[in-house]
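What follows is a short report on a single structure.
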Amino acid sequence: MSIQFPMPDEAILARRDAIIAGLAPLVPESALITTEDERRAFETDALTAYRRMPLAVVLPTTTEEVAAVLKFCNEQGVKVIPRGAGTSLAGGAIPQEDAIVVGVGKMNRVLDINFGDRTMRVQSGITNLAISGEVAHKGFFYAPDPSSQLACTIAGNIAMNSGGAHCLRYGVTTNNILGVRMVLIDGTIVDIGSDAMDAAGLDLLGLVIGSEGQLGVVTEATVRILPLAEGARPVLFGFDSSEAAGRAVAAIIGAGIIPVAMEFMDKPAIEICEAFAHAGYPLDAEALLIIEVEGSDVEMDATLEKIVKIAKEHGVQTVKESKSAMETAAIWKGRKSAFGATGRIADYICMDGTIPTGQLPLVLRRIDEIVKSYGLRVANVFHAGDGNLHPLILYNCNDAEEAHKAEEAGNDILKLCVEVGGCLTGEHGVGIEKRDLMRKQFTEIDLNQQMRVRAVFDPTWLLNPAKVFPLDGRPSV
Numbered sequence: 021m022s023i024q025f026p027m028p029d030e031a032i033l034a035r036r037d038a039i040i041a042g043l044a045p046l047v048p049e050s051a052l053i054t055t056e057d058e059r060r061a062f063e064t065d066a067l068t069a070y071r072r073m074p075l076a077v078v079l080p081t082t083t084e085e086v087a088a089v090l091k092f093c094n095e096q097g098v099k100v101i102p103r104g105a106g107t108s109l110a111g112g113a114i115p116q117e118d119a120i121v122v123g124v125g126k127m128n129r130v131l132d133i134n135f136g137d138r139t140m141r142v143q144s145g146i147t148n149l150a151i152s153g154e155v156a157h158k159g160f161f162y163a164p165d166p167s168s169q170l171a172c173t174i175a176g177n178i179a180m181n182s183g184g185a186h187c188l189r190y191g192v193t194t195n196n197i198l199g200v201r202m203v204l205i206d207g208t209i210v211d212i213g214s215d216a217m218d219a220a221g222l223d224l225l226g227l228v229i230g231s232e233g234q235l236g237v238v239t240e241a242t243v244r245i246l247p248l249a250e251g252a253r254p255v256l257f258g259f260d261s262s263e264a265a266g267r268a269v270a271a272i273i274g275a276g277i278i279p280v281a282m283e284f285m286d287k288p289a290i291e292i293c294e295a296f297a298h299a300g301y302p303l304d305a306e307a308l309l310i311i312e313v314e315g316s317d318v319e320m321d322a323t324l325e326k327i328v329k330i331a332k333e334h335g336v337q338t339v340k341e342s343k344s345a346m347e348t349a350a351i352w353k354g355r356k357s358a359f360g361a362t363g364r365i366a367d368y369i370c371m372d373g374t375i376p377t378g379q380l381p382l383v384l385r386r387i388d389e390i391v392k393s394y395g396l397r398v399a400n401v402f403h404a405g406d407g408n409l410h411p412l413i414l415y416n417c418n419d420a421e422e423a424h425k426a427e428e429a430g431n432d433i434l435k436l437c438v439e440v441g442g443c444l445t446g447e448h449g450v451g452i453e454k455r456d457l458m459r460k461q462f463t464e465i466d467l468n469q470q471m472r473v474r475a476v477f478d479p480t481w482l483l484n485p486a487k488v489f490p491l492d493g494r495p496s497v
């Protein structure tokens with residue numbers, strides 16, 4: 021595999037016992053993981069092709085414990101890898117041999133719910149889905165819904181600015197977070213943002229969300245909770261080609277219609293997901309759109325009428341509305357299980373690039389050509405409404421040549437996204453996966469400025485190093 025890791029600091033490795041001894045008084049005994057077998061659970065994340073055994077793992081339960089650990093690591097010059105649930109698909113939580121993993125998984129409590137202000141304060145280790153579960157009885161929910169929402173933490177969502185199927189209407193993480201409590205590398209605890217929609221001063225919250233754990237460790241978050249809509253209805257639209265489905269998406273968005281969700285699957289993805297979920301996806305279609313609308317019955321009927329009209333103008337073959345809560349659940353089970361269902365039949369690399377929706381027909385055709393040129397297969401399933409692509413490149417991980425081809429095909433797809441006016445990532449982050457492609461999107465001046473901002477928060481680059489920026493990159497002052 022082609023992604024490189026920096027050589028570990030031998031001086032830090034030689035001081036491992038002393039470092040562990042220094043960490044021990046800072047957290048409960050059960051929160052410090054040092055044996056090889058126990059550390060192995062933290063050597064990788066969802067980018068499982070790469071693994072590095074960390075020096076040690078700390079699982080704090082309070083912000084104060086996080087602050088004590090970071091202060092110690094800063095004084096000792098020890099690298100820190102922040103970790104939520106380890107669901108990162110870009111290698112954002114993969115450690116290094118001379119680094120301490122600080123996981124927030126035990127920090128999963130709800131601290132406050134204010135239905136009047138429609139806010140909720142939580143520890144950052146709570147799972148995405150659990151936030152909605154805490155307020156569902158009052159008819160509220162938390163909008164961002166990544167496919168891994170059953171497992172992924174709000175900490176990871178903040179780090180990568182995660183989205184999900186319903187982000188088309190409700191926005192991604194940055195649109196649904198009002199404030200965070202964060203620990204800087206020197207142990208300083210800071211509060212950024214507020215309970216109000218707009219906080220005074222510079223928008224540092226916008227800087228923190230999507231920073232991939234390089235500026236600090238987020239331990240608490242204040243999130244927006246929203247009232248559930250009166251009703252919601254997903255509809256399946258089957259097309260005879262991916263290009264036709266792509267043109268329909270561009271036309272719907274171009275007409276000013278913003279559904280709650282607009283998800284795309286090509287034929288391989290349809291077959292994979294239908295075999296798993298039995299959702300009633302049209303197996304004779306070459307491409308499928310799942311379009312969900314919400315509101316009153318009158319509102320949904322009116323919106324769907326416009327969408328169906330546009331779909332017919334682009335050759336839709338199948339239009340199938342959900343008729344029950346059970347059908348709706350099956351439709352979304354199929355979509356949200358796409359990555360896991362694909363893993364049943366093949367190894368895969370899940371890419372994450374974003375493009376203007378008007379470029380969908382061209383890009384879908386080129387993705388197919390790129391992957392076929394490497395002798396591999398691809399299944400496309402993604403958030404079509406905002407142009408956030410997730411091609412799944414299928415390969416055999418036990419075949420080194422195929423693994424290399426899959427990486428190269430993925431790189432070519434991401435370069436294509438940039439060429440048509442998009443960007444390298446939409447919600448998975450850069451991590452190690454796209455680190456060496458950053459120069460394809462940014463100039464050296466752009467990168468230098470970004471690195472200088474990062475260095476303000478972490479001058480010695482101890483927080484999640486070797487991620488996001490090229491390994492030979494350090495800011496020139």
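Residue numbers (the numbering used here): 21 to 497.
All C-beta atoms in this analysis are idealised placements derived from N, C-alpha and C, irrespective of residue type, glycine included.
These figures come from a predicted structure and were not determined experimentally.
For V398 and I413, which I take to be in contact (beta-carbon distance under 8 Å), what is that distance rounded to the nearest angstrom?
Confirmed, about 5 Å.
With H, G and I counted as helix, E and B as strand and the rest as coil, what does DSSP make of G184?
Here G184 sits in strand by DSSP.
Do you know offhand how far R36's Cα is from E117's?
Distance between the alpha carbons of R36 and E117: 10 Å.
Please report the distance separating the alpha-carbon of E314 from that of A252.
Taking the straight line joining both Cα atoms gives about 4 Å.
Do V243 and L198 have their C-beta atoms within less than 8 Å of each other?
Taking 8 Å as the Cβ cut-off, V243 and L198 qualify as a contacting pair.
Beta-carbon within less than 8 Å of A44's beta-carbon, same chain only, minus the 5 sequence neighbours each way: which residues are those?
Taken in chain order, the residues that qualify are L52.
Just curious, the beta strand (DSSP E) that C417 is in, first and last residue?
Run containing C417: none; DSSP gives neither H nor E here.
Is the region 147 to 160 touching the region 261 to 271, taking contact as three or more C-beta pairs under 8 Å?
As far as the Cβ criterion goes, the region 147 to 160 does not touch the region 261 to 271, which means the pair count is below three.
Assess, as a yes-or-no matter, whether the region 103 to 119 is touched by the region 166 to 177 under the definition of 3 or more beta carbon pairs within less than 8 Å.
Touching, yes.
Looking at the structure shown, is Y190 part of a helix, part of a strand, or coil, going by DSSP?
Three-state result, Y190: helix.
Could you spell out the range, first to last residue, of the alpha helix (DSSP H) harbouring L384?
Its alpha helix (DSSP H) spans residues 380 to 393.
For the region 295 to 315 and the region 428 to 440, state whether three or more C-beta atom pairs, one from each stretch, are separated by less than 8 Å.
They do not touch, by the three-pair rule.
Within 10 Å of its beta-carbon, does S33 have 16 or more other beta-carbons around it, so buried, or fewer, so exposed?
Sequence inspection shows Leu at residue 33; the Ser mentioned does not correspond to that position. Under this definition L33 is an exposed residue.
Could you compute how far the alpha carbon of N196 sits from the alpha carbon of R141?
Looking at the two C-alpha atoms, the distance is approximately 12 Å.
For my contact list, I327 and E283 are in at a C-beta cut-off of 8 Å; report their separation, rounded to the angstrom.
So it is not a contact: roughly 14 Å between Cβ atoms.
Using 8 Å as the threshold, is the C-beta distance between A366 and S167 below it?
Cβ distance not < 8 Å, so A366 and S167 don't count as in contact.
Can you find the residues in the same chain that come closer than 7 Å, C-beta to C-beta, to E250, ignoring five residues on each side of it along the sequence?
Same-chain partners within the cutoff: G315, S316.
So I278 is in the beta strand (DSSP E); what residue range does that whole segment cover?
No beta strand (DSSP E) holds I278; DSSP gives it neither H nor E.
Excluding the five sequence neighbours on either side, which residues of its own chain have a C-beta within less than 7 Å of the C-beta of E341, listed in chain order?
These residues qualify, in order along the chain: R253, V255.
Tell me, please, which residues DSSP counts as bridged to A241.
V142, V200, per the DSSP bridge assignment.
Report all residues from its chain with a CB closer than 7 Å to the CB of K91; omit the five preceding and five following residues, and keep chain order.
Same-chain partners within the cutoff: D206, G207.
Under a three-way DSSP split, which group does H403 fall into?
Three-state DSSP puts H403 in a strand.
Since G360 and A299 are thought to touch, with beta carbons under 8 Å apart, how far apart are those beta carbons, to the nearest angstrom?
Going by Cβ atoms, the distance from G360 to A299 rounds to 14 Å, so no, they are not a contact pair.
Which ranges would you report for the alpha helix (DSSP H) in the region 55 to 93 if only whole runs of at least 4 residues count?
Complete alpha helix (DSSP H) runs here, min 4: 56 to 59.
Name the one or two DSSP bridge partners that N134 has.
T139.
My guess is that L565 and I212 are in contact by the Cβ rule of under 8 Å, so how many angstroms apart are they, rounded?
Given that the chain is displayed from residue 21 to residue 497, the structure contains no residue 565 and the question cannot be resolved.
Could you give the first and the last residue of the continuous beta strand (DSSP E) run that contains R103?
Counting along the chain, the beta strand (DSSP E) containing R103 begins and ends at 99 to 103.
Per the DSSP calculation, T338 is bridged to which residue(s)?
Paired residues: G258.
Assess, as a yes-or-no matter, whether the region 380 to 393 is touched by the region 405 to 422 under the definition of 3 or more beta carbon pairs within less than 8 Å.
They touch, by the three-pair rule.
Are the beta-carbon atoms belonging to F5 and G236 less than 8 Å from one another?
This structure gives no information on residue 5, because the portion of the chain shown stretches from 21 to 497.
Whose CA, out of I229, T377, E347, lies closest to the CA of A271?
That would be T377, whose Cα lies nearest to the Cα of A271.
By alpha-carbon positions, which one of I292, E333, E63 ends up nearest to N400?
When only C-alpha atoms are compared, the closest one is I292.
Please name the residue in A69, T81, A331, F296 whose C-alpha comes closest to that of A350.
It is F296.
Identify whether A305 lies in helix, strand or coil by the three-state DSSP scheme.
Three-state DSSP puts A305 in coil, outside helix and strand.
Taking the alpha helix (DSSP H) that G360 falls in, what are its first and last residues?
Element bounds for G360: 358 to 363.
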